[in-house]
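In the working numbering, the protein residues as written are 1 to 449.
Notes follow once the structure below has been shown.
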Ligand code: SF4
Ligand code: SF4
């Protein structure tokens with residue numbers, strides 16, 4: 001019913017894909033740890049300020065009303081994943097997934113403190129001794145420090161990170177901040193330190209449904225069975241054809257370097273995260289044996305069957321076209337976005353008021369949200385009924401950068417023009433920029449004729 005997982009000791013291997021993987025790890029982790037420290041106009045460049053319900057992205061301030069942009073961005077991200085998976089298999093898993101990059105970093109710390117694969121295996125089997133204790137404590141110190149810094153950085157995307165740092169030094173951290181920092185830190189510690197490949201095998205939903213995006217033209221990492229079999233050991237001087245052997249010398253190096261502990265020679269398996277470590281491993285063996293590289297390589301099922309691979313196929317066009325349309329929609333809507341929001345709330349306590357001289361009055365509250373970083377003055381107007389006027393509103397209203405202003409006002413119209421329910425339009429225009437305008441409909445209620 002249940003078999004406990006065997007600990008995997010991936011062997012370190014150099015090579016072109018290892019260099020690519022290290023570059024991806026350093027770049028992505030570097031971005032994660034550095035970005036919250038960047039400033040933009042004296043405020044944090046990237047900050048998801050949940051209490052204030054504002055997201056700062058460089059010069060852009062997004063409000064809850066901008067949620068469609070976020071939704072569009074998530075759809076684009078999902079479609080990009082589909083596109084690249086159909087094109088090049090599990091590129092995301094092997095080089096960019098947070099689980100992969102943090103595991104890489106944790107394995108690096110493990111190697112630094114406990115040594116190579118065989119030294120780590122020997123250390124785990126050895127009885128406790130001062131040396132073993134020192135190595136294990138060093139590793140835990142590095143892991144826990146790194147995890148805590150990760151938790152701190154994560155919270156720093158939601159709380160100004162400099163103030164958060166000062167609060168931590170002054171031991172003045174709020175309960176939720178502490179909870180999320182510790183939660184994210186321990187999740188990193190557990191997932192990258194101990195669970196590792198088990199997250200990919202048992203927890204990640206993407207591993208389960210990605211095969212739906214694969215076809216025989218998708219780039220996969222595969223062992224060339226026709227070339228490699230029958231496998232078997234031989235001396236370098238022996239010609240494998242004379243010995244009736246294929247190119248695989250059955251050295252097991254591709255298995256030893258695999259972070260998920262599988263044997264690529266058994267075919268395409270869902271556990272394979274396409275990290276390409278087995279390619280580097282096998283290429284190094286092929287070089288030693290003076291055989292051509294590529295016994296394990298990036299290829300396609302069609303190519304392995306000596307059929308033609310079609311990179312340009314209908315699904316690629318569909319994904320690409322959808323991506324193009326969505327990206328264009330996002331860029332256009334962001335470029336034409338007006339940095340002001342106007343809400344009109346009609347006073348529901350009174351239908352209308354009758355004033356002397358046959359004047360009817362309705363009361364409203366305008367909510368003006370200035371989404372730009374600088375304070376702005378706006379002119380408020382109303383239209384829709386002949387002779388309609390505003391009362392109680394100054395010539396210009398000033399709203400702070402990123403601020404919200406409520407403006408209570410009265411709207412008046414002559415009785416003969418205001419019978420029944422009339423549509424009226426409020427509009428505001430920035431004094432410094434006539435292109436910053438926003439209009440909002442409302443209703444003006446008058447007596448029945
Ligand atoms: S089989 Fe190769 S590519 Fe797949 S996870 Fe193992 S080492 Fe990485
Ligand atoms: S590394 Fe290459 S030669 Fe060695 S067992 Fe794997 S496939 Fe065979």
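Cβ atoms here follow ideal geometry from the backbone N, Cα and C, with glycine treated the same way.
Can you tell which of 349, 213, 402 has the C-alpha that lies nearest to the C-alpha of residue 315?
Reading the chain shown from its first residue, position 315 is the one you call residue 315. If you compare the alpha carbons of 349, 213, 402 with that of residue 315, the shortest gap goes to 213.
Status (buried if at least 16 other CB within 10 Å, exposed otherwise) for residue 333:
Position 333 of the chain shown, counting from 1, holds the residue named residue 333. Counting Cβ neighbours within 10 Å, residue 333 comes out exposed, since fewer than 16 surround it.
In the stretch 235 to 305, which residue ranges form an unbroken beta strand (DSSP E) of at least 3 residues, counting only runs that do not cross its ends?
Every beta strand (DSSP E) of 3 residues or more that sits fully in the stretch 235 to 305 is shown, in chain order, as 296 to 299.
Residue 16 versus residue 82 - alpha carbon distance
If you number the chain shown from 1, residue 16 lands on position 16. If you number the chain shown from 1, residue 82 lands on position 82. Using only the alpha carbons, I get a separation of about 26 Å.
For residue 412, which option in 384, 361, 380, 441 has the closest C-alpha, if you only look at C-alpha atoms?
Position 412 of the chain shown, counted from the first residue, corresponds to residue 412. Taking residue 412 as reference, the option from 384, 361, 380, 441 with the minimal CA-CA separation is 361.
If we require 3 or more residues per run, which beta strand (DSSP E) segments fall completely within the stretch 33 to 59?
Entirely contained in the stretch 33 to 59, the beta strand (DSSP E) runs reaching 3 residues are, in chain order, 46 to 49, 54 to 57.
If I'm right that residue 378 touches residue 431 with Cβ under 8 Å, what's the distance once you round it to whole angstroms?
Within the chain shown, numbered from 1, the residue matching residue 378 stands at position 378. Within the chain shown, numbered from 1, the residue matching residue 431 stands at position 431. With 8 Å as the limit, residue 378 and residue 431 qualify as a contact, their Cβ atoms being about 7 Å apart.
Count the other CB atoms within 10 Å of the CB of residue 257; is the residue buried (16 or more) or exposed (fewer)?
Here residue 257 refers to the residue found at position 257 when the chain shown is read from its first residue. Here residue 257 is buried: its Cβ has 16 or more other Cβ atoms, across all protein chains shown, within 10 Å.
Check whether the Cβ of residue 255 sits closer than 8 Å to any heavy atom of ligand 2, and report yes or no.
The residue labelled residue 255 in the question sits at position 255 within the chain shown. Result yes, Cβ under 8 Å from ligand 2.
In angstroms, rounded to a whole number, what distance separates the CA positions of residue 366 and residue 31?
As a working mapping, residue 366 is identified with position 366 in the chain shown. As a working mapping, residue 31 is identified with position 31 in the chain shown. Approximately 41 Å between the Cα atoms of the pair.
Taking all protein chains shown into account, decide if residue 125 is buried (16 or more other Cβ within 10 angstroms of its Cβ) or exposed.
One-based indexing of the chain shown puts residue 125 at position 125. Label assigned to residue 125: exposed.
Alpha carbon of residue 69 to alpha carbon of residue 387, nearest angstrom:
What you label residue 69 is simply residue 69 of the chain shown in a count that begins at 1. What you label residue 387 is simply residue 387 of the chain shown in a count that begins at 1. Their backbone Cα atoms lie some 39 Å apart in a straight line.
Using the Cα positions of residue 186 and residue 145, report the straight-line distance between them to the nearest angstrom.
As a working mapping, residue 186 is identified with position 186 in the chain shown. As a working mapping, residue 145 is identified with position 145 in the chain shown. Approximately 11 Å, taken between the alpha carbons.
Tell me, to the nearest whole angstrom, how far the beta carbon of residue 219 is from that of residue 88; I am working on the premise that it is less than 8 Å.
Within the chain shown, the letter at position 219 stands for residue 219. Within the chain shown, the letter at position 88 stands for residue 88. About 4 Å separates the two Cβ atoms, so the contact holds.
Taking three-plus beta-carbon pairs below 8 Å as touching, is the stretch 108 to 116 in contact with the stretch 320 to 330?
Segment contact: the stretch 108 to 116 against the stretch 320 to 330, fewer than three CB-CB distances shorter than 8 Å; contact not assigned.
Exposed or buried, what is residue 280 when buried is set at 16 or more other beta-carbons lying within 10 Å of its beta-carbon?
In the chain shown, counting from the first residue as 1, residue 280 sits at position 280. Taking all protein chains shown into account, residue 280 has 16 or more neighbouring C-beta atoms within 10 Å of its C-beta and is therefore buried.
Determine, using beta carbons only, whether residue 225 and residue 304 come nearer to each other than 9 Å.
Taking the first residue of the chain shown as position 1, residue 225 is located at position 225. Taking the first residue of the chain shown as position 1, residue 304 is located at position 304. Against a cut-off of 9 Å, the Cβ pair of residue 304 and residue 225 comes out as a contact.
Mapping the DSSP letters down to three states, classify residue 370 as helix, strand or coil.
On the chain shown, residue 370 is found 370 positions in, with the first residue counted as 1. In the structure shown, residue 370 sits in a strand (DSSP, three-state: E or B).
For residue 408, which residues of its own chain have a beta-carbon under 6 Å away from its beta-carbon, when the five flanking residues on both sides are left out?
For the purposes of this step, residue 408 is taken as the residue at position 408 of the chain shown. The answer, listed in chain order, is 365.
Whose CA, out of 27, 97, 49, 128, lies closest to the CA of residue 155?
The residue labelled residue 155 in the question sits at position 155 within the chain shown. The candidate whose alpha carbon is nearest that of residue 155 is 49.
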